[in-house]
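Residue numbers (our numbering): 1 to 162.
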């Protein structure tokens, strides 16, 4: 199963849009996971309209409608892998262990908030931040992620966007 992983899209804002490559990767995926901070319900609905099922949590800048529609955190089964999803995984120090405690049965946790792409793993447990496809902040580039899930194993990859 191919999963498109995005977050921190902060849309709409001025003329900002999802990059064409990001939209193409979402359209060709079997599932889209969003780590929150759409900003407005309209952005959620635009991403959902691209095609594959969308699973998401709300972020700290999301409007009240998104807070009502989406949970703060969730777990989902993807191709035999159990994945935790949360917007803000907290400070860098101790993050991997903290996410392991918060999602003790998960194989991986996907999170956002910092806009900084990250992949860390320890003893078969992974944490993954896709970065942001629209607002790089301190990151060197705008990014998103993909995940390939086969037979319960999940492999994450960052995609640098133009």
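Backbone N, C-alpha and C define an ideal beta-carbon position, used for all residues, glycine too. Just so you know, these numbers come straight off a predicted model, no measurement behind them.
task = Enumerate, from N- to C-terminal direction, the unbroken alpha helix (DSSP H) stretches of 4 or more residues contained entirely within the segment 46-90.
result = Scanning the segment 46-90 for uninterrupted alpha helix (DSSP H) segments of 4 residues or longer gives 64-69, listed from N- to C-terminal end.
ask   = Who are the near neighbours of residue 105 in its chain, counting only those whose CB is closer than 7 Å to its CB and skipping five residues on each side?
value = Looking up residue 105 in the chain shown gives position 105. So the list reads 82, once near-sequence residues are dropped.
key: With 16 other Cβ atoms within 10 Å as the buried cut-off, status of residue 60   = By one-based count along the chain shown, residue 60 stands at place 60. Per the 10 Å Cβ criterion, exposed.
message = Taking 7 Å as the limit between beta carbons, can you name the residues of its chain near residue 66, skipping five residues before and five after?
response = Working through the chain shown from its first residue, we reach residue 66 at position 66. So the qualifying residues of the chain are 38, 41, 44, 58.
key: Buried versus exposed, by CB contacts within 10 Å (16 or more), residue 132   = Along the chain shown, one-based indexing puts residue 132 at 132. Classified as buried, residue 132 has 16 or more neighbouring CB atoms from the shown chains inside 10 Å of its CB.
Where the beta strand (DSSP E) containing residue 121 begins and where it ends = Here residue 121 is taken as the residue at index 121 of the chain shown, counted from 1. That run of the beta strand (DSSP E) goes 118-122.
request  = Using 10 angstroms around the beta-carbon of residue 147, count the other beta-carbons present and answer buried if the total reaches 16, otherwise exposed.
outcome  = Translated into positions along the chain shown, residue 147 becomes position 147. Around the Cβ of residue 147, a 10 Å sphere holds 16 or more other Cβ atoms; the residue is buried.
key: Contact belief for residue 78 with residue 31 at Cβ below 8 Å, rounded distance in angstroms   = As a working mapping, residue 78 is identified with position 78 in the chain shown. As a working mapping, residue 31 is identified with position 31 in the chain shown. Taking C-beta atoms under 8 Å as the contact rule, residue 78 and residue 31 qualify, at a distance of about 7 Å.
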